[in-house]
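Report on the structure given below.
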Amino acid sequence: NAGVTQTPKFQVLKTGQSMTLQCAQDMNHEYMSWYRQDPGMGLRLIHYSVGAGITDQGEVPNGYNVSRSTTEDFPLRLLSAAPSQTSVYFCASSAPAGQGVAFFGQGTRLTVV
Amino acid sequence: DQQVKQNSPSLSVQEGRISILNCDYTNSMFDYFLWYKKYPAEGPTFLISISSIKDKNEDGRFTVFLNKSAKHLSLHIVPSQPGDSAVYFCAASAQGSNYKLTFGKGTLLTVNP
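In the order they appear, the protein sequences are chains A and B. Residue 117 in the working numbering sits at position 113 of the first sequence; the count goes up by one each step and never skips. Residue 93 in the working numbering sits at position 88 of the second sequence; the count goes up by one each step and never skips.
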């Protein structure tokens, strides 16, 4: 079972560059979300989606865009990378009936120099 | 304002003894609580959860206790094993918003052989 797959696993960007972090899930979950983890900060919600075509902002959305054209995919776009976006990014999916139990991908470690 | 607090950044216990990880929350709208376990370079994995209508939930060596009046929950691991060494995150969701999890900062548990 693949579950939630994130690509790439590692990425180094220069300040000002843009890129897309990919996330795909094969569990037919309606809900998908992106979190970032910084040292000593836990996981913070960036954006989330409750279904195809529906997205909304989380706690720390600035500098990121998302779209959800299919149930399976939920890409996260960095528009103009900044050093403050250096972090580990996790994608997660969950089912409405699953009481919020989210399944996470393995993460993307992003460094912005 | 941190809505989910894990005040102990780290905890060290001996193999075979009990590990107790604590979590406090401030948002009265939270009605579902989860514990996640995270190994280095991996995504968080779901461990155990509890609904606000219960005060205890058990799954093998893991038990979560909820004290609603004190807005406090704890995770007990008995007996602790070296493989339990990981970062443990407490998370919460609000009724009708179980697609959004609010995480604590995590507690690093080290179980010494």
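For glycine and all other residues, C-beta sits at the position ideal for the given N, C-alpha and C. Predicted model, so just to flag it, every value in this text is computed and none were measured.
(request) Return no unless some Cβ of chain B is closer than 8 angstroms to the Cβ of Met31 of chain A. (result) Chain B contact via Cβ: absent.
(message) Counting only beta-carbon separations shorter than 8 angstroms, does Tyr35 of chain A have a partner in chain B?
(response) For Tyr35 of chain A, the answer is yes, since a Cβ of chain B falls inside 8 angstroms of its Cβ.
(request) List the DSSP bridge partners of Asp60 of chain B. (result) For Asp60 of chain B, DSSP records no beta bridge to any residue.
(request) Determine the DSSP secondary structure at Ser98 of chain B, reduced to helix, strand or coil. (result) If DSSP states are grouped into helix, strand and coil, Ser98 of chain B belongs with the strands.
(request) Just the chain B side, please: which residues come within less than 7 angstroms of Val105 of chain A by C-beta, in chain order? (result) Going along chain B in sequence order, the residues near Val105 of chain A (Cβ under 7 angstroms) are Leu39, Phe51, Ser54.
(message) To be precise: take each residue of the stretch 103-115 of chain B, compare its Cβ to all Cβ atoms of chain A, and keep it if any distance is under 7 angstroms. Which residues remain?
(response) Within the stretch 103-115 of chain B, the qualifying residues are Asn103, Tyr104, Lys105, Leu106, Phe108, Gly109, Lys110, Gly111.
(request) Could you tell me which chain B residues have their CB closer than 9 angstroms to the CB of Ser98 of chain A, listed as they occur along the chain? (result) For Ser98 of chain A, the C-beta contacts it makes with chain B under 9 angstroms involve Asn103, Tyr104, Leu106, in order along the chain.
(request) Check each residue of the stretch 87-103 of chain B: if its Cβ is closer than 7 angstroms to any Cβ of chain A, include it; give the result in chain order. (result) Of all residues in the stretch 87-103 of chain B, Phe94, Ser98, Asn103 have a Cβ within less than 7 angstroms of some Cβ in chain A.
(request) Could you check what DSSP says for Ser73 of chain A in three-state terms: helix, strand or coil? (result) In the structure shown, Ser73 of chain A sits in coil (DSSP, three-state: anything other than H, G, I, E or B).
(request) Please say whether Phe94 of chain B and Pro45 of chain B have beta carbons closer to each other than 8 angstroms? (result) Contact: no.
(message) Between which residues of its own chain and Leu83 of chain A is the CB-CB distance below 8 angstroms, once the five residues before and five after are set aside?
(response) Result list for Leu83 of chain A: Ser22, Gly67, Tyr68, Asn69, in chain order.
(request) Could you pull the start and end residues of the beta strand (DSSP E) that Asp89 of chain B belongs to? (result) Counting along the chain, no beta strand (DSSP E) covers Asp89 of chain B, and no H or E run does either.
(request) Compare the C-alpha of Trp40 of chain B against each of B:Ser33, B:Met34, B:Gln11 and name the closest. (result) Per the Cα distances, B:Gln11.
(request) Determine the direct distance from the alpha carbon of Ser73 of chain A to that of Cys27 of chain A, and round the result to whole angstroms. (result) Cα to Cα, Cys27 of chain A sits roughly 12 angstroms from Ser73 of chain A.
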